[in-house]
Amino acid sequence: MTENHIVTAHQLVKSFGEITAVDGVSFTIERGESFGFLGPNGAGKTSTMRMMSAVSQPTSGSLSILGLDPRTDGPTIRNRLGVVPQEDTLELELSVRLNLEMFGRYFDLSRRTVRERANELLEFTQLSERANDKVDDLSGGMKRRLTIARALINRPEVLILDEPTTGLDPQARHLLWERLYRLKREGVTLVITTHYMDEAEQLCDRLVVMDHGTIVAEGAPRELIARHSTREVVELRFGTDSHEHLHDALAPLAERVELLPDRVLLYVDDGDEALREVHAQGLTPDSALVRRSSLEDVFLRLTGRTLVD
Amino acid sequence: MSTSLDQALGGPRWRRSWSYHATFYAQTWRGSVVSSVLFPIFYLAALGVGVGHLVSAHTGLVQGQTYLHFIAPSLLATSTMQMGEGESLWPVLAAVKWIRTYHAAAATPLEPEDILYGKLAWVVSRAFVTGVVYTIIIGCFGALHSWWSLTLPLLGALIALAFAAPLVAFAARSQSDASFIVIYRFAFVPMFLFSATFYPVSAYPSSMRPLVQFVPLYHGVALARAAAFGEGSPSAVLAHLAVLVVMSLAGIAWGRRTLRHRLVD
Numbered sequence: 003m004t005e006n007h008i009v010t011a012h013q014l015v016k017s018f019g020e021i022t023a024v025d026g027v028s029f030t031i032e033r034g035e036s037f038g039f040l041g042p043n044g045a046g047k048t049s050t051m052r053m054m055s056a057v058s059q060p061t062s063g064s065l066s067i068l069g070l071d072p073r074t075d076g077p078t079i080r081n082r083l084g085v086v087p088q089e090d091t092l093e094l095e096l097s098v099r100l101n102l103e104m105f106g107r108y109f110d111l112s113r114r115t116v117r118e119r120a121n122e123l124l125e126f127t128q129l130s131e132r133a134n135d136k137v138d139d140l141s142g143g144m145k146r147r148l149t150i151a152r153a154l155i156n157r158p159e160v161l162i163l164d165e166p167t168t169g170l171d172p173q174a175r176h177l178l179w180e181r182l183y184r185l186k187r188e189g190v191t192l193v194i195t196t197h198y199m200d201e202a203e204q205l206c207d208r209l210v211v212m213d214h215g216t217i218v219a220e221g222a223p224r225e226l227i228a229r230h231s232t233r234e235v236v237e238l239r240f241g242t243d244s245h246e247h248l249h250d251a252l253a254p255l256a257e258r259v260e261l262l263p264d265r266v267l268l269y270v271d272d273g274d275e276a277l278r279e280v281h282a283q284g285l286t287p288d289s290a291l292v293r294r295s296s297l298e299d300v301f302l303r304l305t306g307r308t309l310v311d
Numbered sequence: 027m028s029t030s031l032d033q034a035l036g037g038p039r040w041r042r043s044w045s046y047h048a049t050f051y052a053q054t055w056r057g058s059v060v061s062s063v064l065f066p067i068f069y070l071a072a073l074g075v076g077v078g079h080l081v082s083a084h085t086g087l088v089q090g091q092t093y094l095h096f097i098a099p100s101l102l103a104t105s106t107m108q109m110g111e112g113e114s115l116w117p118v119l120a121a122v123k124w125i126r127t128y129h130a131a132a133a134t135p136l137e138p139e140d141i142l143y144g145k146l147a148w149v150v151s152r153a154f155v156t157g158v159v160y161t162i163i164i165g166c167f168g169a170l171h172s173w174w175s176l177t178l179p180l181l182g183a184l185i186a187l188a189f190a191a192p193l194v195a196f197a198a199r200s201q202s203d204a205s206f207i208v209i210y211r212f213a214f215v216p217m218f219l220f221s222a223t224f225y226p227v228s229a230y231p232s233s234m235r236p237l238v239q240f241v242p243l244y245h246g247v248a249l250a251r252a253a254a255f256g257e258g259s260p261s262a263v264l265a266h267l268a269v270l271v272v273m274s275l276a277g278i279a280w281g282r283r284t285l286r287h288r289l290v291d
């Protein structure tokens, strides 16, 4: 076990009675990287995250966090982690500043240290002007940033974020991503769960794709796309309920064809060329879009389902 | 589960949770403090002086005391019970389900037990301070007859704990507050009315007395009277104390299980 391994999980299982939420996952997270768990809701991401946060105990398998055993060293591990849960869990009646300062008490930081850090973190999350306002009055994006600031009050080595941008508008998301890049540049290891493939592509150096409690693929986003998909994708919409009858005509034009309820996907190296061939076949889609392959396509390939239903 | 490092740095971790509650209260106390001083004064003035006037006209003294003096100690017992209830049901359900602040705390070095002990320690300290205020007010009405009265704030703290501990445990395993309203209507209100709060247990027919003595608050009321009047046999006092201590310990043991299950399983 080297110092560079932040988390090492081997055959990790988490069961709740009859239900197995996490079913034998193994992965390693390196210091300083940004590591993602991509998968649909219910894939076991949050349960995995709770185990990595040294909050819930694995049912079986081995798990090492910061070189320590969460079964025996939970408090010591958590002292060095920052956790941003899916819901904000802030004290709505209290001020922005007080939310930070009171949370600092849980880490036994002195009042003075907490006050200094609160100022820095308010600056960092661009909340200084709202420091004395009640949390209840903040926008969703501001609450999220405050939750991140709160998770940083103990200067954690690892920041674990569960669905960090769910429910935020695009502008708020981009601001948040930008702050997370900054943290990564400062050397904080980021662990992110998300069901947004664009978020995973933007933020993660490396990720695992989860489905039904298991890991179905692992690698860098570009690497996964190269391995499991083609360079480009042609999306065709025909305005019909069934696309089965198109399969024979389209199959020769692409490496792979996906017939979804609302659209047809052609996996090809050259999208424009493929589209010309579609038209040459006498087919007239209502709309056609050529795009680069994404993690969404990787997920579809591996599981036969789309990420966000 | 605590490590020696944590112990060396900050003493027991539950103190951090206590400090969180205390800071929170320091921000929000203004509303409650006025009522907690005015309420006992109104109560003693209305019931003690008003109803007391009728009682003395009809029956004279109650167990050797004027009616006002008789009910004053039970005010302390019922108020600290209500404080224990108020801190325990809705605030705890909010912390484990609605706002999930206990989940946030569980992601810090605190263990579920630290969160529980910090919460209960806070209830105990708040009840103690309430007990001091009430003892002073009761004293101003001239209703304290013994040096044992000095133990009233401690007794108030024990009463609050005896109710808060099982209620925190119950709230920590609840999914909604529907049952809380039932508990209030069918447990707390009857307990407030029928625990020999306003009249001695001898007012009931002898067949009903064991029923009253089964009610937890009755023991708190009996102890408060014993302290204020400096009377009561040691064996009776110990028995009343034992009931409250057992309730506290059982509640803590139950709460350790329910809170751990809720937060970390």
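Here the protein sequences come in this chain order: A and B. Heads up: the first sequence is residues 3 to 311, going by the working numbering. Heads up: the second sequence is residues 27 to 291, going by the working numbering. From the three backbone atoms N, C-alpha and C, an ideal C-beta is built for every residue, glycine too.
Under the Cβ criterion of 7 Å, residue 129 (chain B) is counted among the residues facing chain A.
For the pair residue 127 (chain A) and residue 151 (chain A), the CB atoms are nearer than the 7 Å cut-off. In the three-state reduction of the DSSP assignment, residue 69 (chain A) falls in the coil class. For residue 46 (chain B), the nearest beta carbon of chain A is closer than 7 Å to its own beta carbon.
Looking from the CA of residue 102 (chain A), the closest CA among A:137, A:301, A:75 belongs to A:137. Partner residues in the beta bridge of residue 294 (chain A), as assigned by DSSP, are A:234. Under the 10 Å beta carbon count, residue 219 (chain B) is surrounded by fewer than 16 other beta carbons and is classified as exposed. In the structure shown, residue 244 (chain B) adopts helical secondary structure according to DSSP, grouped into three states.
For residue 305 (chain A), the secondary structure class from DSSP, reduced to helix, strand or coil, is helix. In the DSSP secondary-structure assignment, residue 273 (chain B) is not bridged to any residue. Within the same chain, and ignoring the five residues on either side of residue 286 (chain B) in sequence, the residues whose Cβ sits closer than 7 Å to its Cβ are 138.
For residue 283 (chain A), there is no enclosing alpha helix (DSSP H), as DSSP gives it neither H nor E.
Beta-carbon to beta-carbon, residue 109 (chain A) and residue 135 (chain B) are separated by about 7 Å, close enough to satisfy the 8 Å threshold. For residue 298 (chain A), the closest of A:271, A:309, A:305, A:288 by C-alpha to C-alpha distance is A:309. The beta-carbon of residue 146 (chain B) is placed no less than 7 Å from the nearest beta-carbon of chain A.
By the rule that beta-carbons nearer than 7 Å mark a contact, residue 288 (chain B) does not touch chain A. In this structure, residue 255 (chain A) sits near residue 279 (chain A), with a CB-CB distance shorter than 7 Å. Proximity of residue 49 (chain B) to chain A, defined by a Cβ-Cβ separation below 7 Å, is satisfied. Spanning the alpha carbons of residue 44 (chain A) and residue 142 (chain A) requires a straight line of approximately 24 Å. Under the Cβ criterion of 7 Å, residue 91 (chain A) is counted among the residues facing chain B.
Among the residues facing chain B, residue 77 (chain A) is included, as its CB has a counterpart in that chain under 7 Å away. Using a Cβ-Cβ cut-off of 7 Å, residue 163 (chain A) does not count as an interface residue toward chain B, since no Cβ of chain B sits closer than that to its own.
Using beta-carbon distances, residue 96 (chain A) counts as an interface residue toward chain B, with a partner under 7 Å. Under the Cβ distance rule, residue 81 (chain A) counts among the residues neighbouring chain B, one pair being separated by less than 7 Å.
Against chain B, the beta carbon of residue 58 (chain A) has neighbours under 8 Å at 290, 291, listed in chain order. Contact holds between the stretch 197-204 of chain A and the stretch 288-298 of chain A, because three or more Cβ pairs, one in each stretch, are under 8 Å apart.
Residue 254 (chain B) and residue 115 (chain B) have their C-alpha atoms roughly 30 Å apart. For residue 79 (chain B), the uninterrupted alpha helix (DSSP H) segment begins and ends at 78-84. By the Cβ rule, the stretch 179-188 of chain B counts as touching the stretch 149-165 of chain B, because three or more pairs are nearer than 8 Å. For residue 55 (chain A), the residues of chain B that pass the 8 Å Cβ criterion are 133, in the order they occur in the chain. According to the DSSP secondary-structure assignment, residue 31 (chain A) is paired through a beta bridge with A:9. Take the alpha-carbon of residue 224 (chain A) and the one of residue 41 (chain B): they are about 49 Å apart. Selection A:222, A:189, A:90 evaluated against residue 37 (chain A) yields A:222 as nearest (Cα-Cα). In chain A, no part has a C-beta under 8 Å from the C-beta of residue 185 (chain B); the shortest such distance is about 28 Å.
Taking all protein chains in view, the Cβ of residue 227 (chain A) is crowded by 16 or more other Cβ atoms within 10 Å, so the residue is classified as buried. For residue 219 (chain A), the enclosing beta strand (DSSP E) has its first and last residue at 216-221.
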